[in-house]
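Chemist: Okay, so the sequence shown: first residue is 1 according to the UniProt record's numbering, each after it adds one. Even glycine gets a Cβ: it sits at the ideal position worked out from N, Cα and C. Keep in mind that this is a model prediction, so the values were computed, not measured.
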Amino acid sequence: MTVWEEVRDLIGTGDAFKVAARVADLDDAGRKEVARELPGHVEAARRDVERPLRERSERLSRIRLERGEAYKRFARERGVPLREIHRRWAETLGWSGDMEGTWEDPRLKLPESEREYPSPSEYDAWIDTMRVAGAGTLPTTAAVVAWLHRSDFERRDRSADLVEPVLQAIAARPAEWQADLAVRLALRVRVRRDRWAGDPRDRNLPLTFALLGRTGTTPPEHDPLVLVWVDTPPTADRLRGDRLLDVLLPRLFEAQGVGRALSGERADPPAAESWLGTLHALAAEGRVDREMLLRGCVSRFLRGGSTTELRFFARLHELLEPSPAEVASRVGDYLRLLPVAPGPVAKLAFKHLDRLDSLDPDKVDEALSGLLFRTEGGLVQAGLAWLDRFLRQEPVRADGLAPSLAVALGHQAATVQERAVRVAVEHAASFGPVGAETVRDVTGQLPPDLRSRLSAAFGEASSGGSGPERPGLTAGASNDRESRRWE
1 MTVWEEVRDL IGTGDAFKVA ARVADLDDAG RKEVARELPG HVEAARRDVE
51 RPLRERSERL SRIRLERGEA YKRFARERGV PLREIHRRWA ETLGWSGDME
101 GTWEDPRLKL PESEREYPSP SEYDAWIDTM RVAGAGTLPT TAAVVAWLHR
151 SDFERRDRSA DLVEPVLQAI AARPAEWQAD LAVRLALRVR VRRDRWAGDP
201 RDRNLPLTFA LLGRTGTTPP EHDPLVLVWV DTPPTADRLR GDRLLDVLLP
251 RLFEAQGVGR ALSGERADPP AAESWLGTLH ALAAEGRVDR EMLLRGCVSR
301 FLRGGSTTEL RFFARLHELL EPSPAEVASR VGDYLRLLPV APGPVAKLAF
351 KHLDRLDSLD PDKVDEALSG LLFRTEGGLV QAGLAWLDRF LRQEPVRADG
401 LAPSLAVALG HQAATVQERA VRVAVEHAAS FGPVGAETVR DVTGQLPPDL
451 RSRLSAAFGE ASSGGSGPER PGLTAGASND RESRRWE
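#1: Measure the C-alpha to C-alpha separation of Leu-356 and Phe-301 and round it to an integer number of angstroms.
#2: Would DSSP call Ile-170 helix, strand or coil?
#3: Given Val-189, which residues of its chain have a CB within under 7 Å of its CB, disregarding the five upstream and five downstream residues?
#4: Compute the distance between the beta-carbons of Thr-129 and Val-19, then report whether it is under 8 Å.
#5: Run through DSSP, which three-state label would His-41 get?
#6: Taking the CB atoms as reference points, tell me whether Leu-185 and Leu-167 lie closer together than 8 Å.
#7: Considering only their Cβ atoms, is the gap separating Leu-401 from residue 489 smaller than 8 Å?
#8: Which first and last residues belong to the alpha helix (DSSP H) in which His-352 is found?
#9: Can the beta-carbon of Thr-278 be found closer than 8 Å to that of Ala-328?
#10: Pull up the distance between the alpha-carbon of Val-144 and that of Ala-179, whole angstroms please.
#11: Select from Val-42, Arg-83, Asp-48 and Val-3 the residue whose C-alpha is nearest the C-alpha of Lys-32.
#12: Tell me which residues share the same chain as Val-298 and place their Cβ nearer than 7 Å to its Cβ, disregarding the 5 neighbours each side in the sequence.
#13: Within a Cβ cutoff of 7 Å, which residues of the same chain sit near Gly-435, ignoring the five residues on either side of it in sequence?
#14: In or out: Asp-124 buried (at least 16 other Cβ within 10 Å) or exposed?
#15: From Gly-14 to Ser-61, what distance separates their C-alpha atoms?
#16: DSSP three-state label for Asp-180, please.
#17: Do you know offhand how far Arg-266's Cα is from Thr-438's?
#18: Tell me, to the nearest whole angstrom, how far the beta carbon of Thr-308 is from that of Arg-260; I am working on the premise that it is less than 8 Å.
#19: Closest to Phe-153 by CA distance: which of Arg-83, Arg-54 and Glu-43 is it?
#20: Out of curiosity, what's the CA-to-CA distance linking Arg-64 and Leu-316?
#21: Taking a contact to mean a Cβ-Cβ separation below 8 Å, would you say Leu-337 touches Leu-320 in this structure?
#22: When the Cα of Glu-394 is compared with those of His-427, Gln-381, Leu-405 and Thr-375, which residue comes out closest?
#23: Mapping the DSSP letters down to three states, classify Pro-324 as helix, strand or coil.
#24: Taking the runs of the beta strand (DSSP E) that are 3 residues or longer, which of them lie wholly in the stretch 217 to 293?
#25: Considering only residues of the same chain and omitting the five flanking positions on each side of Leu-450, which have a CB-CB separation below 8 Å?
The following block contains the structure:
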């Protein structure tokens with residue numbers, strides 16, 4: 001018997017471990033022989049498995065039909081109504097009867113093992129052994145990756161765990177060869193929906209991660225790899241020992257699609273089997289670097305995105321409860337978020353900046369300018385409250401903030417306008433001629449009562465002054481609603 005004939009017979013057993021053990025012991029000549037014959041054996045391997053299963057299925061259908069007719073005759077002879085016959089037959093599928101004892105026809109009896117139609121896994125029993133044989137004998141890593149991803153190796157149910165058989169089959173290959181295979185498999189990972197079970201995971205993903213971990217190979221930069229990694233519900237126990245955690249976790253803040261995939265996770269409180277709960281627990285025990293998580297969240301905010309895309313990162317940021325010192329270390333980043341980030345992100349940035357005791361006046365000036373130009377009424381109101389406190393401490397900054405205050409005075413929300421007028425009147429004495437003129441120029445945008453109060457403190461505006469432009473009501477109202485939905 002040749003080496004190929006021996007491996008071929010093992011493939012026919014459906015035992016992937018037996019195939020793995022044999023091909024792992026082959027020398028170069030044996031691997032070449034099997035690799036040469038293997039592609040041409042695909043159809044034969046399929047046929048050898050499917051033929052007896054089809055025959056079994058046809059035999060079962062025929063016998064069930066015959067048993068059904070015999071059962072009907074048996075029941076009619078005893079005066080059982082037709083409806084009752086159908087009910088009893090449906091309940092027992094014809095394998096037993098309960099009328100006056102057990103009904104059985106010896107001529108139509110089948111063993112227990114053949115009373116069910118073949119399952120999809122039985123039809124696909126040849127696939128796993130063929131895949132293992134190819135992994136252990138094909139010469140190049142590119143050929144092995146292509147072999148493992150063959151479309152005719154798609155199973156009709158979830159694949160059996162092929163990790164150990166494949167690892168055993170390639171154990172004799174050089175370490176560099178195995179590392180290259182791990183990288184190539186990682187680069188082939190795609191996020192997709194399975195045709196049968198709705199399973200979004202690549203069928204070779206468990207093998208990919210196992211091989212990356214065993215070889216110590218750094219995973220390649222590949223967003224789908226991160227997406228399928230986060231797709232598996234995590235636990236602190238599992239991730240604590242994950243060799244890939246330290247490499248893939250920072251990429252969670254960079255890979256496109258992660259935020260949207262995790263946007264449904266809740267933080268109040270976070271579930272144990274969620275990324276929010278797991279990362280919070282691992283950060284608390286020191287397994288995950290807390291500074292890396294905070295830095296990752298803020299950097300993700302700065303890259304921009306929709307409310308949905310940033311929701312997970314905002315919840316993680318708040319779950320970590322950054323200290324004033326941690327906020328102060330990246331105060332410039334938080335300031336950059338105020339004018340442009342989605343409302344909820346801008347709100348959390350403002351909240352943490354507002355808690356700092358010794359924020360440089362220039363930074364406060366910058367923060368207020370960013371807040372007061374926004375359209376969301378809630379954020380502008382918060383900015384006006386901050387402006388009020390700031391001008392009590394730094395009245396000389398009034399003229400520099402006059403343009404921002406003027407924008408708030410022109411806000412479409414009446415409550416914002418009223419608050420802005422109150423702040424302006426309270427600090428009117430702090431404005432110089434230029435600042436006062438900037439404030440006066442927006443009086444035409446105010447309703448009569450507010451216009452009168454502002455004019456009494458700043459004087460009448462020059463004709464034609466309309467003040468700075470700002471976005472309209474629709475955008476502001478929409479953004480406020482978006483903030484409430486997130487919170």
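Modeler: With the given structure in hand:
#1: 20 Å
#2: coil
#3: Asp-202, Leu-205, Thr-208, His-222, Pro-224, Leu-225 and Val-228
#4: yes
#5: helix
#6: no
#7: Only positions 1 to 487 of the chain appear in the structure, and residue 489 is not among them; the question remains open.
#8: 343 to 354
#9: no
#10: 13 Å
#11: Val-3
#12: Arg-330 and Asp-333
#13: Ala-398, Asp-399 and Ala-402
#14: buried
#15: 25 Å
#16: helix
#17: 45 Å
#18: 6 Å
#19: Glu-43
#20: 59 Å
#21: no
#22: His-427
#23: helix
#24: none
#25: Gln-417, Glu-418 and Val-421
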